[in-house]
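Residue numbering for the sequence shown follows my numbering, starting at 1410 and increasing by one per position.
Only one structure is covered here, and it is reproduced in the block below.
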Amino acid sequence: MENCHREIVTKTNTLLDTFANNLQQTESLEKQILFMQNSLSKFSLISQLAENLGYTAEFPAGNASVATKSPVKITRRRSDIDPTTQEFQSALESIEENLEFLAQHLDFRDTRAFIEAYQTLLSNGIAILKDFALANLEKARDSVSIISPESMVDETNSHYVQFQLIAPVLQIVARQIVHTYANLPHRSIVTEKWIQHLNSLLQVGIVYAQHRAFLLCPMFSTHLNTVSHSTDVVHLLRRCTNFLVQLTEAEHNLFTWLFQCDPTEMFCGSRDAMSHSEDGNDVENAFEGLIVQFSNILYNLSRPMILEQCDIDTICEVIEILQTEINETLLASRHKIAPYIEPVLDRLIEDAQERLTFCVQKYLCDEIRGFTPTTQDLNYPERLTEHRDVSMYANWYPSLERTLFCLSKMYHFLNVEIFRELAQDAIQECTISLKKASAEISTTTTSIHGDLFLIKHLLILREQITPFEITFATTSKALDFTTTADAMTHLLADVSTMFADGNGLSDFFTRAMTRWPQVQETTFDVKEYVEMELKTSCTIFIDTILKLLAKPLLELWSRCSRLRMKLDATVAPPHALEKMLEQSCRQVEEEIPMVMETLHTYLNNSSTEMILLKAVKRNLLDAIINLQKLMRKSYSKEEIAVCESRVERLIKLLHSSRD
């Protein structure tokens, strides 16, 4: 029984193994059958697909091989195919799938012949789609009625409606393009034919843009020319750029409605897709080219009007409209069309900035450097009292007012580098003009008025340029040929003996290499320049007041300290010193109030007035105290008793006048 059981188990296991093996083989055969059926369908479907596209596929007669005799022959059968049908689109998709499959199985018989046949069908199908789309575009263009400039951006007008009617075919073209973009990088073989298919489809978008330009550019130009005859440049730019934005937005809406994709998605996608093929070239964005044509019309009209402007305020207003009102405000909420309009705005802004730079340079030359003051302009201090209640700007010297006007305009509308250079020139010219005016005022009135005029205006200039948040320092480089010139002089002097010892050539190159021109860098900060001029003018004013109050005493002290000599009867006897001190006391009593009043008239700032007055008193006190010490060393107490009382009185006067 056990032997029988083992025999039955063995036979059963054998049967099970055989069954499992047969089942596995059956499944493998079924898979092979399915693969063969699927593979054969790639070959057998060509006739049906060709028929869907309006063609017939003819094969060689008999059992001859397609590859050895001739490829599949594709013949046009129908010309009334509508590429907008689902049948046509499915046929194109199936052809692409079959081509990809055959490209991965080149070892199959007659594969290359069928690949060629499918490629021919695909090319013809895309050509049918392209021709149908172009015919519809031409029909839509010819159906447009006369366009009035006022209705150009009206999307219910015929030049929008007629194109909207052909949206179905254009949407199919766009879908085919996007489909090709998506699948081209994954193709087993990216051939030149695929690139040709893509370019053929993109031609529809290019022709569309050409038709739109044909219809709209003349009307756009007519509208801008009409507007330009009745408005100034500021109003013109505002109206025309607004109209360009509206037109671009309307055209962008029409494009996305017709093609169901953004222009960048349709055209610029070729850059990535074609990068996988050496045969592919970037395709320009035809929609961008359309807007460029509109932009050029606006630019060619506006640029001459901008360049003929001479008024700085007008040019600044132009830049402000383009930068703020249009670019930063109007386009801020239209980010899809902003990249198309920004280039022409940038060009117009650059032209306006160049014109502003030129006008400012001319303004500096004519109105500041070439400014000729009138008698009323130099009528100081009367101008200060006459206009004190009118405005703080009314008593400014004209060249200062014009300089600050230029700086305030340039700061917001020019880039930092250009502003820095122009500001440096303007401030220097203004300072020179103020110094000339100060000299003339000193001639016609007194040096005190001239000095205070200069101090007042330099203080204003320093205060007004402080808010500009830039560095006014500029660095210039120049070549110093001094060492090179010296080397050449010595070289020419020794030319007769230089080559005598055979080492002349070596000496020549040694001298040449060690005597290169030196690069010298010079840094100039116009703020420091103003500060230095202000400090100098304050020093001059202090010296002027000191001479007014105690010129003989100061000259005596200066002469004694310079020559290191003592006082004696020949230099300054006590009675002469007494007269000098008495005169200084009278001068201080009489002139200090006048000086303080004049300071207040010009500066009208108690802290600044006190700083200058303290400097005057401090210098005068130092000189008097030093002179007193010298007197005590040179004379007896009895000789200078009267002088001592005069010195104490003078010191007391100076201390009391501080309040």
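Cβ coordinates follow ideal geometry from the N, Cα and C atoms, glycine included.
Are the beta-carbon atoms belonging to residue i and residue j less than 9 Å from one another?
{"i": "residue 1947", "j": "residue 2021", "result": "yes"}
{"i": "residue 1740", "j": "residue 1751", "result": "yes"}
{"i": "residue 2032", "j": "residue 1943", "result": "no"}
{"i": "residue 2010", "j": "residue 1713", "result": "no"}
{"i": "residue 2029", "j": "residue 1985", "result": "no"}
{"i": "residue 1458", "j": "residue 1503", "result": "yes"}
{"i": "residue 1809", "j": "residue 1728", "result": "no"}
{"i": "residue 1994", "j": "residue 2055", "result": "yes"}
{"i": "residue 1460", "j": "residue 1481", "result": "no"}
{"i": "residue 1983", "j": "residue 2034", "result": "no"}
{"i": "residue 1773", "j": "residue 1695", "result": "no"}
{"i": "residue 1561", "j": "residue 1622", "result": "no"}
{"i": "residue 1490", "j": "residue 1455", "result": "no"}
{"i": "residue 1515", "j": "residue 1521", "result": "yes"}
{"i": "residue 1832", "j": "residue 1881", "result": "yes"}
What are the start and end residues of the beta strand (DSSP E) that includes residue i?
{"i": "residue 1783", "result": "Per DSSP, residue 1783 belongs to no beta strand (DSSP E) and is neither H nor E."}
Strictly by DSSP, which residues pair up with residue i?
{"i": "residue 1483", "result": "1466"}
What span of residues does the alpha helix (DSSP H) with residue i cover, start to end?
{"i": "residue 1509", "result": "1495-1513"}
{"i": "residue 1860", "result": "1856-1874"}
{"i": "residue 2028", "result": "2015-2043"}
{"i": "residue 1833", "result": "1825-1853"}
{"i": "residue 1997", "result": "1983-2012"}
{"i": "residue 1525", "result": "1520-1552"}
{"i": "residue 1821", "result": "1807-1822"}
{"i": "residue 1749", "result": "1747-1772"}
{"i": "residue 1662", "result": "1642-1668"}
{"i": "residue 1699", "result": "1695-1716"}
{"i": "residue 1560", "result": "First-last for residue 1560: undefined, no H or E at that position."}
{"i": "residue 2058", "result": "2050-2065"}
{"i": "residue 1459", "result": "1455-1461"}
{"i": "residue 1725", "result": "1721-1729"}
{"i": "residue 1794", "result": "1791-1795"}
{"i": "residue 1569", "result": "1567-1573"}
Assign residue i to buried or exposed, taking buried as 16 or more other Cβ atoms, counted over all protein chains shown, within 10 Å of its Cβ.
{"i": "residue 1443", "result": "exposed"}
{"i": "residue 2063", "result": "buried"}
{"i": "residue 2059", "result": "buried"}
{"i": "residue 1842", "result": "buried"}
{"i": "residue 1424", "result": "exposed"}
{"i": "residue 1664", "result": "buried"}
{"i": "residue 1742", "result": "exposed"}
{"i": "residue 1812", "result": "buried"}
{"i": "residue 1719", "result": "exposed"}
{"i": "residue 1541", "result": "buried"}
{"i": "residue 1563", "result": "exposed"}
{"i": "residue 1413", "result": "exposed"}
{"i": "residue 1825", "result": "exposed"}
{"i": "residue 1422", "result": "exposed"}
{"i": "residue 1764", "result": "buried"}
{"i": "residue 1419", "result": "exposed"}
{"i": "residue 1597", "result": "Caution is warranted here: a pLDDT of 49 is assigned to residue 1597, below 50, making its placement in the model unreliable, and the coordinate value is therefore given only provisionally. Exposed, because fewer than 16 other Cβ atoms sit within 10 Å of the Cβ of residue 1597."}
{"i": "residue 1474", "result": "In this predicted model, residue 1474 has a pLDDT of only 47, less than 50, meaning its place in the structure is not dependable; the value taken from the coordinates is given anyway. With fewer than 16 other Cβ atoms within 10 Å, it is exposed."}
{"i": "residue 1954", "result": "buried"}
{"i": "residue 1732", "result": "buried"}
{"i": "residue 1689", "result": "The predicted model places residue 1689 with a pLDDT of 46, which falls under 50 and marks its position as unreliable; any figure quoted below should be read in that light. Result: buried."}
{"i": "residue 2026", "result": "buried"}
Quick one: measure Cβ to Cβ for residue i and residue j, integer angstroms, because I've assumed they're closer than 8 Å.
{"i": "residue 1879", "j": "residue 1862", "result": "The Cβ separation is near 29 Å, so there is no contact."}
{"i": "residue 1580", "j": "residue 1668", "result": "6 Å"}
{"i": "residue 1574", "j": "residue 1549", "result": "7 Å"}
{"i": "residue 1846", "j": "residue 1787", "result": "6 Å"}
{"i": "residue 1815", "j": "residue 1702", "result": "38 Å between Cβ atoms; not a contact."}
{"i": "residue 1768", "j": "residue 1711", "result": "Contact doesn't hold; Cβ gap of about 17 Å is too wide."}
{"i": "residue 1543", "j": "residue 1616", "result": "6 Å"}
{"i": "residue 1535", "j": "residue 1609", "result": "6 Å"}
{"i": "residue 1558", "j": "residue 1493", "result": "Going by Cβ atoms, the distance from residue 1558 to residue 1493 rounds to 34 Å, so no, they are not a contact pair."}
{"i": "residue 1778", "j": "residue 1872", "result": "Contact doesn't hold; Cβ gap of about 23 Å is too wide."}
{"i": "residue 1715", "j": "residue 1642", "result": "6 Å"}
{"i": "residue 1865", "j": "residue 2012", "result": "6 Å"}
{"i": "residue 1505", "j": "residue 1587", "result": "So it is not a contact: roughly 13 Å between Cβ atoms."}
{"i": "residue 1823", "j": "residue 1766", "result": "7 Å"}
Quick one: is residue i near chain C, going by C-beta distance under 9 Å?
{"i": "residue 1668", "result": "This model lacks chain C altogether; it includes just one protein chain."}
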